[in-house]
Amino acid sequence: MNQTFENENELRDIIYQTTINPNLFDLSSGRVFHAEVLKHQISLNENENNNNEFNLIDQVLRSSSMIYVLAYNTTATSIGDDESLQYIDYSIHERLIDMTTSRAFWYLQLEGYNLESRLLLPTDRHRLSNDHRSSYASVTQISFDNEISQSFLDYASIHHVTPFQLGLSILYTSLFKLAHGENDLCISCLNANRYKTELQNIMGMFVSTLPYRIQLDPHWPFHDLGEYVQGKCLSILEHSHHPLQHILANLHINQSNILFLETLYDFITISSQSDELSLHGASFKQVSFEQSFEVAKFDFMLIFSYNPVSENNRLPFCLTCSRDLFDGITVTNMGR
Numbered sequence: 001m002n003q004t005f006e007n008e009n010e011l012r013d014i015i016y017q018t019t020i021n022p023n024l025f026d027l028s029s030g031r032v033f034h035a036e037v038l039k040h041q042i043s044l045n046e047n048e049n050n051n052n053e054f055n056l057i058d059q060v061l062r063s064s065s066m067i068y069v070l071a072y073n074t075t076a077t078s079i080g081d082d083e084s085l086q087y088i089d090y091s092i093h094e095r096l097i098d099m100t101t102s103r104a105f106w107y108l109q110l111e112g113y114n115l116e117s118r119l120l121l122p123t124d125r126h127r128l129s130n131d132h133r134s135s136y137a138s139v140t141q142i143s144f145d146n147e148i149s150q151s152f153l154d155y156a157s158i159h160h161v162t163p164f165q166l167g168l169s170i171l172y173t174s175l176f177k178l179a180h181g182e183n184d185l186c187i188s189c190l191n192a193n194r195y196k197t198e199l200q201n202i203m204g205m206f207v208s209t210l211p212y213r214i215q216l217d218p219h220w221p222f223h224d225l226g227e228y229v230q231g232k233c234l235s236i237l238e239h240s241h242h243p244l245q246h247i248l249a250n251l252h253i254n255q256s257n258i259l260f261l262e263t264l265y266d267f268i269t270i271s272s273q274s275d276e277l278s279l280h281g282a283s284f285k286q287v288s289f290e291q292s293f294e295v296a297k298f299d300f301m302l303i304f305s306y307n308p309v310s311e312n313n314r315l316p317f318c319l320t321c322s323r324d325l326f327d328g329i330t331v332t333n334m335g336r
């Protein structure tokens, strides 16, 4: 597909249409990556040095897909290291790994769970699992003030849990209350899946979506819940390389009907204030999106984001829900 844009409005329209395209990805067939090269058509009165500039749209499936617009300098040279581990090498190696232990682990994780049950959240409408999704989103964005944000980070530090684990514990508590005391809770979380040191610097698609199930005791104090969630996360980390489609296949489950995949959680730590990076002469820049670009890939998605080098110490989160199920006011109330 060859597309050309002349200005930023045309570029953003291409990005938006790509974002809402429901046919780009198909996990069952392994179609999890989409990229397009876009040509920036520049008028003759503009700087001739820009004639060889292109834009690359890189859309990656992270359970929800994330879109980046990458400005690519075509004069960049490719530098290869024949002795370094490449993504294709690891992909082949991963197929040879003995998954017996991980297969048993994931079977026990989901054993006895009613995979056809839906969380009884305060929805405004109902939708059958095979109904068409509109992709329209109801979104609320909340930023904790400095004092609450610092208390969150201090609690995580004192109790030796990660911000991801603490945020997940808070989400389980909220879901328990919103779902009228339902204590067998299963949601999906994103996992970086770079569980070995040698995988840290390889360019490739490692991110996986995994089920996080807990059976919550309503009499637990929050500290006990946090310890339980921490143990759950650490045990999952040991088996995060087992693909989701294999986990479900071992349970003879049709992935299209898995309701826990409709509830997603992630905690994103921003490692740098810069939104640009350079790789062998190629310049990469992440494009920030306006709220109108929000698309509901899931029924319920909670994303925390934390920038440790930010001037303010605020900890924001974004709750994005499908408008097929939730009105905007309902999502706002849940966020509060």
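Everything in the sequence shown is counted per UniProt numbering, starting at 1 for the first residue and increasing by one. A virtual CB, placed ideally from N, CA and C, is assigned to each residue, including glycine. Keep in mind the model is a prediction, meaning the values are calculated, not measured.
For Y136 and R323, believed in contact at Cβ under 8 Å, the rounded distance
4 Å
Give the DSSP bridge partners of F164, in chain order.
DSSP lists no partner for F164.
Contact defined as beta carbons within less than 8 Å: I believe I270 pairs with S305. What is the distance between those atoms, to the nearest angstrom?
6 Å
Compute the distance between the beta-carbons of Q3 and I14, then report whether it is under 9 Å.
yes
CB contact flag (S174, M334, <9 Å):
yes
By the 10 Å Cβ neighbour count, where 16 or more other Cβ atoms means buried, how is T320 classified, buried or exposed?
buried
Per DSSP, what are the beta-bridge partners of S169 in this structure?
For S169, which the question treats as bridged, DSSP gives no partner whatsoever.
Just curious, the beta strand (DSSP E) that L302 is in, first and last residue?
F300 to Y306
Among residues of its own chain, excluding the 5 on either side of T263, which ones have a beta-carbon nearer than 6 Å to its beta-carbon?
I187 and F300
Can you tell me which of the three DSSP states T332 falls into?
helix
Go to D154, then tell me how far its beta strand (DSSP E) extends in each direction, as first and last residue.
No beta strand (DSSP E) contains D154, which is instead part of the alpha helix (DSSP H) from N146 to I158.
Same chain, Cβ closer than 6 Å to D82, neighbours up to 5 away in sequence not counted
For D82, the pLDDT reaches just 45, beneath the cut-off of 50, and the residue's location in the model is therefore unreliable, although a value from the coordinates is still provided. None.
How many whole angstroms separate the CB atoms of L216 and L225, which I take to be in contact at a CB cut-off of 8 Å?
7 Å
Closest to N9 by CA distance: which of V32, P163 and H40 is it?
H40
Cβ-based neighbour list, Q291, same chain, cut-off 7 Å, excluding 5 preceding and 5 following
Per-residue confidence for Q291 stands at a pLDDT of 45, beneath the threshold of 50, marking its modelled position as unreliable; no derived number is given.
V229 burial status per 10 Å Cβ neighbour count (16 or more: buried):
buried
Mind reading off the beta-carbon distance from L325 to R125? Whole number of angstroms is fine, and I expect it under 8 Å.
6 Å
Give me the Cβ distance between L315 and F144, rounded to the nearest whole Å; I'm assuming they're in contact under 8 Å.
5 Å
Of the listed residues L190, A104, L38 and T123, nearest to F267 (C-alpha basis):
L190
How big is the Cα-Cα spacing for L110 and A282?
44 Å
Is the beta carbon of R213 less than 9 Å from the beta carbon of Y107?
no
Hey, L168 and P122: beta-carbon distance below 9 Å or not?
no
Nearest candidate by alpha-carbon position, reference S297, set D327, F317 and L261:
For the record, residue 297 in the displayed sequence is Lys; it is not Ser. Comparing Cα-Cα distances from K297 to each of D327, F317 and L261, the minimum goes to L261.
When burial is assigned at 16 or more other CB atoms within 10 Å of the CB, is L120 buried or exposed?
exposed
Buried or exposed, going by whether 16 or more other CB atoms sit within 10 Å of the CB of V37?
exposed
Taking the CB atoms as reference points, tell me whether S235 and F105 lie closer together than 9 Å.
yes
How many angstroms separate the CA atom of A71 from the CA atom of E311?
Here the model assigns A71 a pLDDT of 37, short of 50, so the residue's position is not dependable and the matter cannot be decided.
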